[in-house]
Amino acid sequence: MPLYEFKCQSCGVFEEWRSLSQSSDPAVCPTCQQPGKRVISAPAVNLSSSLSLRHPRSEPELVKRETEPKPQKFQHQSCGRPWMLNH
Numbered sequence: 015m016p017l018y019e020f021k022c023q024s025c026g027v028f029e030e031w032r033s034l035s036q037s038s039d040p041a042v043c044p045t046c047q048q049p050g051k052r053v054i055s056a057p058a059v060n061l062s063s064s065l066s067l068r069h070p071r072s073e074p075e076l077v078k079r080e081t082e083p084k085p086q087k088f089q090h091q092s093c094g095r096p097w098m099l100n101h
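Okay, here's the thing in C-alpha cells:
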C-alpha cells in the first residue's frame with residue numbers, strides 16, 4: 015500500500031497508508047478529526063547501494079572530438095570493380 019499525504023486546514027500535513035482504490039477519498043485528520051484533501055507530492059525513491067552514482071553537482075566530462083579524419087580501412091579501386099578489394 016502506498017503512503018499518501020493529506021492536508022488539514024487547521025493542523026497541516028499528515029500521512030496515511032491507503033490502497034490504490036481509496037487514494038482519492040478524503041482522509042480524516044488524526045488530531046482534529048476534520049476531513050483533509052490529498053496533497054500531490056514527489057515519490058520517494060530508494061536506490062540500491064550496488065549502483066555507483068556520481069555526485070549530483072559534479073561537472074560533466076569534457077569530450078573532445080578528433081579533428082583529423084581517420085584513415086580509411088579500404089582504398090577505393092579505380093578499375094570499376096568495387097567487389098574486388100585490394101587485389
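Last residue of the sequence shown: 101 (my numbering), numbering continuous.
Beta carbons are placed, not taken as given, at the ideal position from N, Cα and C, and that holds for glycine.
| field | Option nearest T45 by Cα separation, candidates A58, K21, K87 | value | Residue 45 sits at position 31 when you count from the first residue of the sequence shown. Closest by alpha carbon: K21.
| said: Taking 8 angstroms as the threshold (C-beta atoms), are S38 and R52 in contact? | reply: The residue labelled residue 52 in the question sits at position 38 within the sequence shown. The residue labelled residue 38 in the question sits at position 24 within the sequence shown. A contact, by the Cβ cut-off of 8 angstroms.
| task | Put L17 into one of helix, strand or coil per three-state DSSP. | result | Position 3 of the sequence shown, counting from 1, holds the residue named residue 17. Strand at L17.
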